[in-house]
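Below is one structure; the comments refer to it alone.
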DNA sequence: GCCCAGGTGGGTA
DNA sequence: TACCCACATGGG
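In my numbering, the protein residues as written are 26 to 246.
Okay, structure coming up:
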């Protein structure tokens, strides 16, 4: 499995080049981005982050104090803005109550404790937690998103209804626990997914993974 | 006008 | 456990 996953990685890297992913001036900004990007393209998140920055709300203390309505107006481009305003507030309040706004002390926990803490926050699910661990805490926790699932499924590596934990474990048990590798792999899967697996019908012609794929040409499983 | 994006939580059987 | 639904903008 290790060989297979590395082969996929190498082909994607050769095709798309390094993605140098997840821009963010600070770990806190990365976390805000991780919450805002739930089910939405990053381009929309950038607008919201810029608006929060402009209103000087991009720090844990200030976000925790701001009314949900004020946050919601600023993050409108991000879809489900009322929900996400609550989620940002929930995380900020958690950070204030449990860590006195000391983000570093939260992020310095070991992966399993950090993951447990993050999952206890309303609005943070497995994918968002892993994105925060990988991109904000810079610790090796593989992120399984829609594209990861779809692509690995089409390659015949996972079952259609594989659970999140099963997919994550499979990858993490097969690959070395390496932050740059996990970072780049996730970014490449999203890039590839956007270009070729956006809809139910994959674009198989000229696909760098076509010879590894069990899906027949042009037909969705 | 229609489809779908880098999900999560809550409700129901 | 396994579904189903709400959330509700913007770009192709």
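Glycine included, every Cβ here is placed at the ideal spot set by N, Cα and C.
According to the Cβ coordinates, are residue 115 and residue 67 closer than 7 Å? Position 90 of the first chain, counting from 1, holds the residue named residue 115. Position 42 of the first chain, counting from 1, holds the residue named residue 67. No, Cβ-Cβ distance for residue 115 and residue 67 is not below 7 Å.
I need the DSSP call for residue 122, collapsed to helix, strand or coil. Position 97 of the first chain holds residue 122. Correct three-state label for residue 122: helix.
Is DSSP giving residue 162 helix, strand or coil here? Walking along the first chain from the start, residue 162 turns up at place 137. Residue 162: coil per DSSP, three-state reduction.
Own chain, CB closer than 6 Å to residue 29, minus 5 neighbours either side, in chain order: Taking the first chain and counting its residues from 1, the one referred to as residue 29 is at position 4. Counting only Cβ-Cβ distances below 6 Å, and skipping sequence neighbours, we find nothing.
Helix, strand or coil: which one does DSSP assign to residue 43? The residue labelled residue 43 in the question sits at position 18 within the first chain. In the structure shown, residue 43 sits in coil (DSSP, three-state: anything other than H, G, I, E or B).
To the nearest angstrom, how far is it from the Cα of residue 35 to the Cα of residue 173? If you number the first chain from 1, residue 35 lands on position 10. If you number the first chain from 1, residue 173 lands on position 148. Looking at the two C-alpha atoms, the distance is approximately 15 Å.
Hey, how far is the Cα of residue 31 from the Cα of residue 38? Taking the first chain and counting its residues from 1, one reaches residue 31 at position 6. Taking the first chain and counting its residues from 1, one reaches residue 38 at position 13. Spanning the two alpha carbons is a distance of roughly 10 Å.
Compare the Cα-Cα distances from residue 156 to each of 120, 125 and 52 and report the closest residue. In the first chain, residue 156 corresponds to position 131, counting from 1. Selected option, being the one with the closest Cα: 52.
Threshold first: 4 residues or longer. Then list the alpha helix (DSSP H) segments lying entirely within the region 189–230, N to C. 189–199 and 204–221
Over the uninterrupted alpha helix (DSSP H) stretch that includes residue 173, give me the two end residues. As a first step, residue 173 is located in the first chain; it is residue number 148 there, counting from the start. From DSSP, the alpha helix (DSSP H) with residue 173 extends over 171–179.
Nonlocal neighbours in the same chain, by C-beta distance under 7 Å from residue 126, ignoring five residues either side: As a working note, residue 126 is residue 101 in the first chain. Here the set comprises 85, 86 and 120.
Could you pull the start and end residues of the alpha helix (DSSP H) that residue 153 belongs to? Here the question's residue 153 lines up with position 128 in the first chain. Segment 151–156, the alpha helix (DSSP H) holding residue 153.
Presumed contact (8 Å Cβ cut-off) between residue 154 and residue 46, rounded CB distance: Translated into the one-based positions of the first chain, residue 154 becomes position 129. Translated into the one-based positions of the first chain, residue 46 becomes position 21. Their Cβ separation, rounded to whole angstroms, is 17 Å, which puts residue 154 and residue 46 out of contact at 8 Å.
If we ignore side chains and look at the alpha-carbon of each, how far apart do residue 232 and residue 202 end up? Position 207 of the first chain holds residue 232. Position 177 of the first chain holds residue 202. Going by C-alpha positions, residue 232 is about 28 Å away from residue 202.
Cβ of residue 176 within 7 Å of Cβ of residue 214? As a working mapping, residue 176 is identified with position 151 in the first chain. As a working mapping, residue 214 is identified with position 189 in the first chain. Cβ atoms of residue 176 and residue 214: closer than 7 Å.
Do you know how far the Cα of residue 195 is from the Cα of residue 245? Position 220 of the first chain, counting from 1, holds the residue named residue 245. Position 170 of the first chain, counting from 1, holds the residue named residue 195. Legend: pLDDT at residue 245 = 44, less than 50; position of this residue unreliable, value from coordinates given subsequently. Cα to Cα, residue 245 sits roughly 24 Å from residue 195.
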